[in-house]
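In this note's numbering, the protein residues as written are 8 to 76. Working notes, beginning with the structure itself.
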């Protein structure tokens, strides 16, 4: 369960990342002019989840197309 800070309405969590991945996130943050690292990470997670959903839908569609009628 995520911790909710008293000074914020948003739940928070702590993650550990390899330095190379953190550097990539920082590059994304500055390129996209995000206000802070949390905003950049949340944006990347949303994009990744959306992509995963689209890929799953595509796989399901292909699977239906292969079913003999």
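By construction, the Cβ of each residue, glycine as well, lies at the ideal position given by its N, Cα and C atoms. Just so you know, these numbers come straight off a predicted model, no measurement behind them.
- Residue 32 sits close to residue 47, with the two beta carbons spaced by under 7 Å.
- Boundaries of the alpha helix (DSSP H) around residue 38: 26-38.
- Nearest neighbour of residue 54 by Cα position, chosen from 67, 35, 15 and 66, turns out to be 35.
- Under the DSSP assignment, residue 69 falls in the alpha helix (DSSP H) whose first and last residues are 44-73.
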